[in-house]
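Anchor point for the sequence shown: position 43 equals 43 in full-length UniProt numbering, and the numbering is continuous, going up by one each time. Even glycine gets a Cβ: it sits at the ideal position worked out from N, Cα and C. Written out below as structure tokens is the structure these notes cover.
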Amino acid sequence: SQVHVDVHSRYNSVANEAFCLEIMDSLRRCLGQQADVRLMLYEGFYDVLRRNSQLANSIMQTLLSQLKQFYEPEPDVLPPLKLEACILTKGDQISLQEPLDHLLCCVQHCLVWYKSRVMP
1 SQVHVDVHSR YNSVANEAFC LEIMDSLRRC LGQQADVRLM LYEGFYDVLR
51 RNSQLANSIM QTLLSQLKQF YEPEPDVLPP LKLEACILTK GDQISLQEPL
101 DHLLCCVQHC LVWYKSRVMP
């Protein structure tokens, strides 16, 4: 499944806003799914942002909220990331719980776009 959304101008602004809020609610729910689902979401967020600039603030807030779960605010911890939260170990089995590399890449791409378009 791909994350692909286009909001067309033929709809009125109220309908667009309602539609965008529904989209963001669905995307936020996806962040509670398995790592594979979140990985696909992170890979698609940038395209959604580029195609639907009216979602910029919601997308940036959603990404910030997700990133905060893995950010370590202690100044003496380097790198400032909760890497142990990204994997699950059961006996000799290790599984990925959070595709942090994809989240960080997504944040970086979206932030560059956001700064160039919304905050020139």
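- If you compare the alpha carbons of W113, H102, H109, Q108 with that of L41, the shortest gap goes to H102.
- If you compare the alpha carbons of V77, E43, S13 with that of L63, the shortest gap goes to E43.
- In terms of CA proximity to L21, A56 leads the group A56, A85, D36, L111.
- Straight-line spacing of the CA atoms in D92 and L111 works out to 38 Å.
- Secondary-structure assignment with DSSP links T89 through a beta bridge to I94.
- Each of S26, E84, P99 was checked against the Cα of S58, and the nearest Cα belongs to S26.
- If you draw a 10 Å sphere on the C-beta of E98, you find 16 or more other C-beta atoms in it, and that means buried.
- Inclusion of L104 and S95 in the CB contact set at 8 Å is not warranted, their separation being larger than that value.
- Assignment of L64 by DSSP, reduced to helix, strand and coil, places it in the helix class.
- For the 8 Å CB-CB criterion, L39 and Q66 do not form a contact.
- Around the Cβ of Y46, a 10 Å sphere holds 16 or more other Cβ atoms; the residue is buried.
- Per DSSP, the beta bridge partners of L81 are Y71.
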